[in-house]
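The structure under discussion appears below in the form of structure tokens.
There are 2 protein chains.
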Amino acid sequence: MFSEERSAEVVTASFAGTRDERLREIMGALVEHLHAFIKEVELTEAEWAAAIDFLTRTGQKSDANRQEFILLSDVLGASMLVETINHRAGGGSTESTVLGPFHMVASPRRELGDDVALDGKGTPCLVSGQVTGVGGEPVPGASVDIWQANEDGFYDVQQPDIQPALNLRGLFTTDADGRFWFRSVVPKYYPIPVDGPAGQLLEATGRHPYRPAHLHFIVSAPGYRTVTTHVFVADSPYLDSDAVFGVKESLIREAPTVDDPARAAELGLANPFRTLTFDVVLQR
Amino acid sequence: MFSEERSAEVVTASFAGTRDERLREIMGALVEHLHAFIKEVELTEAEWAAAIDFLTRTGQKSDANRQEFILLSDVLGASMLVETINHRAGGGSTESTVLGPFHMVASPRRELGDDVALDGKGTPCLVSGQVTGVGGEPVPGASVDIWQANEDGFYDVQQPDIQPALNLRGLFTTDADGRFWFRSVVPKYYPIPVDGPAGQLLEATGRHPYRPAHLHFIVSAPGYRTVTTHVFVADSPYLDSDAVFGVKESLIREAPTVDDPARAAELGLANPFRTLTFDVVLQR
Chain A
49 MFSEERSAEV VTASFAGTRD ERLREIMGAL VEHLHAFIKE VELTEAEWAA
99 AIDFLTRTGQ KSDANRQEFI LLSDVLGASM LVETINHRAG GGSTESTVLG
149 PFHMVASPRR ELGDDVALDG KGTPCLVSGQ VTGVGGEPVP GASVDIWQAN
199 EDGFYDVQQP DIQPALNLRG LFTTDADGRF WFRSVVPKYY PIPVDGPAGQ
249 LLEATGRHPY RPAHLHFIVS APGYRTVTTH VFVADSPYLD SDAVFGVKES
299 LIREAPTVDD PARAAELGLA NPFRTLTFDV VLQR
Chain B
49 MFSEERSAEV VTASFAGTRD ERLREIMGAL VEHLHAFIKE VELTEAEWAA
99 AIDFLTRTGQ KSDANRQEFI LLSDVLGASM LVETINHRAG GGSTESTVLG
149 PFHMVASPRR ELGDDVALDG KGTPCLVSGQ VTGVGGEPVP GASVDIWQAN
199 EDGFYDVQQP DIQPALNLRG LFTTDADGRF WFRSVVPKYY PIPVDGPAGQ
249 LLEATGRHPY RPAHLHFIVS APGYRTVTTH VFVADSPYLD SDAVFGVKES
299 LIREAPTVDD PARAAELGLA NPFRTLTFDV VLQR
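Going down the list, the protein sequences come from chains A and B. For the first sequence, the numbering used here gives the first residue as 49, with consecutive numbering after it. For the second sequence, the numbering used here gives the first residue as 49, with consecutive numbering after it.
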């Protein structure tokens, strides 16, 4: 029977008849940790009621265009932990990071060298790299799906009246040497949405809502493990305090300025421009 | 920076600037246990997504008349653990149990001996007891607030078209000897609502949704700690498997049948009737 001492044991026992073995394992561990948490902090009834209210509002803030529980998972580092556990890099392969909520439209197919900045706004940037296997072999024909925020820190879907549809998105295919390159603009840091419970949590705990400047990648090729990741711009603020804990050292790159009118003209970029180089290493 | 090994440490550090010391303590413990849980079960991305969906639906099932997150907390034993931690009985005082979601209307004032079964339906039952302090002193003038389900297992608020308003509720005051008594009917076991995510969890884990038969009490008196509790009927099914873990051994009472036409007539009850005696001991 239930008692303070035996609470987790009693509740876990109630799940003994769960047919799905994995669900039984998960519920047992959940109960153990939930009860240990409540006991450790000796949660008061008022705090419990506040938690119930917070979680209820988090569910109710969510709709077709907003997922507040993912945002809560993000700011608690849970999303990043799940991502990391499920995509352990190895043998020098590129580390993964969170997908984020803005990959909600399919990226349009683009040719190598295309400019994904459809409105031409922002500091021009040449993004390039090579996709290889961990053995160093180039991966031709790899799919490189990219998307990013503009120079104001917004994705196209956040500004349907300001940015052209599919702005700063592209789906590229690597060449015979596994290389990709395209024109874009330098992404900017931006705040996650703060008008819901996750934002209230950040406010109450003195945390800022910003993510450092980054460009999203999903790179895939037959026979290799797909990697979902970002490249972070080295001079961005918030690299040490990403609101969703997505930064890994290995994913930060400098974006040096190039002042070379001839090269700029050749690439079809304004001079001076910046460059961001990100090689991607895939596991078999 | 974030890594699988340092995840909880990094996220906890992000809460270091929390001004409210208690909130900082709670968030630190929450993150420790949440990350330990994810690591222990190596939660997959599909399982994480299922959890996000489950929690979102739990919030969205809640409205003015339904609180699905409380129900989830109940079936995970979290409500009972919080209740138990915050109301540790001592010195022989009566143990507490969950308030439950049906104390949503104020109980009407009743005179000792009144019949709270306004529709006269069910097996008649004389409920009585004495309120004392842990030293054994009677507590006259104590407030005894009671509510219960009817013989079909429903509270009045669940059957507004079938039961009279305020059926099976009463607010009594103990007499000079600390005694209370009233007429009612024997309560019945009943299922918690199963048409939401909490019910789906019970279904998926092979758990039944029933609570054993009980009568709710809130007993209070100046100078004493208020106790929120139930008395459970000893011959009810589900005493060993209450869906919300509310049963404590010390709260179970027999409800013997009395076949005594003279006594029944004196009390104003049909013969035979049952009796339920529950003495309540309050802490100073």
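Where a beta carbon is used, it is the ideal one built from N, C-alpha and C, also for glycine.
In this structure, the CA atom of Ala-190 (chain B) is about 40 Å from the CA atom of Pro-245 (chain B). Residues of chain B with a Cβ closer than 7 Å to the Cβ of Phe-293 (chain A) are, in chain order, Phe-50, Val-58 and Val-59.
Note on geometry: alpha-carbon atoms of Val-306 (chain B) and Ala-312 (chain B) lie some 9 Å from one another. Secondary-structure assignment with DSSP links Ser-191 (chain A) through a beta bridge to A:Thr-221 and A:Ser-268. DSSP places Arg-72 (chain A) in the uninterrupted alpha helix (DSSP H) bounded by 69-89.
Excluding the 5 residues flanking it on each side, Val-175 (chain A) has same chain C-beta neighbours closer than 6 Å at Phe-230, Ser-232 and Leu-324, in chain order. At least one C-beta of chain A is nearer than 9 Å to the C-beta of Glu-93 (chain B). When the beta-carbon positions are compared, Ser-289 (chain A) and Ser-110 (chain B) stay at least 9 Å from each other. Boundaries of the beta strand (DSSP E) around Pro-172 (chain B): 172-181. A straight-line Cα-Cα distance of about 45 Å links Pro-188 (chain A) and Leu-249 (chain A).
Rounded to the nearest whole angstrom, the CA to CA distance from Val-153 (chain A) to Ala-112 (chain A) is 14 Å. Measuring C-alpha to C-alpha distances from Ala-99 (chain A) to each of B:Ala-97, B:Leu-71 and B:Asp-167 identifies B:Leu-71 as the nearest. Residues of chain A whose Cβ lies closer than 9 Å to the Cβ of Phe-265 (chain B) do not exist, since the nearest Cβ in that chain is about 17 Å away. At least one CB of chain A lies nearer than 9 Å to the CB of His-81 (chain B).
The residues Ser-268, in chain order, have a CB closer than 6 Å to that of Thr-274 (chain A) in the same chain once the five nearest residues on each side in sequence are set aside.
For Arg-105 (chain A), the uninterrupted alpha helix (DSSP H) segment begins and ends at 93-109.
Here the C-alpha atom of Lys-87 (chain B) lies approximately 14 Å from the C-alpha atom of Gly-76 (chain A). Neighbours of Met-128 (chain A) across chain B, judged by C-beta separation under 8 Å: Phe-50 and Ser-55.
Scanning its chain for C-beta atoms nearer than 8 Å, with the 5 sequence neighbours on each side dropped, one finds around Pro-149 (chain B) the residues Gln-115, Ile-118 and Leu-119, in chain order.
Under the Cβ distance rule, Ser-121 (chain B) counts among the residues neighbouring chain A, one pair being separated by less than 9 Å.
Straight across, the Cα-Cα distance linking Ile-240 (chain B) with Gly-183 (chain A) is about 59 Å. The closest CA to that of Ser-155 (chain B), considering only B:His-135, B:Asp-193 and B:Gly-177, is found on B:Asp-193. Around Gly-107 (chain B), the beta-carbon contacts reaching into chain A at under 9 Å are Leu-103, Thr-104, Arg-105, Thr-106, Gly-107, Gln-108, Lys-109, Ser-110, Glu-116 and Phe-117.
Taking a beta-carbon distance threshold of 9 Å, Lys-87 (chain B) counts as an interface residue toward chain A. Taking C-beta separations shorter than 6 Å and ignoring five residues to either side along the sequence, the partners of Glu-302 (chain A) in its chain run Ala-282, following chain order. Apart from sequence neighbours up to five positions away, the residues of its chain that approach Val-205 (chain A) with a beta-carbon distance below 7 Å are Phe-150, Met-152 and Val-153, ordered along the chain. Bounds of the alpha helix (DSSP H) holding Arg-311 (chain B) are 309-315.
Thr-142 (chain B) is a Cβ neighbour of Val-329 (chain B), given a cutoff of 9 Å. If you ignore the 5 residues before and after Ala-56 (chain B), its C-beta comes within less than 6 Å of the C-beta of Val-79, Glu-80 and His-83, all in its own chain and listed in chain order.
Taking 8 Å as the Cβ-Cβ cut-off, the region 228-242 of chain B has no residue approaching chain A. In this structure, Gly-125 (chain A) keeps its C-beta atom at 9 Å or more from the C-beta atom of Phe-326 (chain A). Nearest Cα to Gln-178 (chain B) within the set B:Gly-218, B:Ala-224, B:Gly-168 and B:Ala-197: B:Ala-224. DSSP, reduced to helix, strand and coil, places Asp-200 (chain A) outside both helices and strands of the structure shown, so it counts as coil.
At a C-beta separation below 8 Å, Leu-124 (chain A) has these neighbours in chain B: Val-59, Leu-78, Val-79 and Leu-82. For Ile-300 (chain B), the beta-bridge partners assigned by DSSP are B:Phe-280. Nearest neighbour of Asp-162 (chain A) by Cα position, chosen from A:Ile-133, A:Phe-85, A:Leu-315 and A:Pro-320, turns out to be A:Leu-315.
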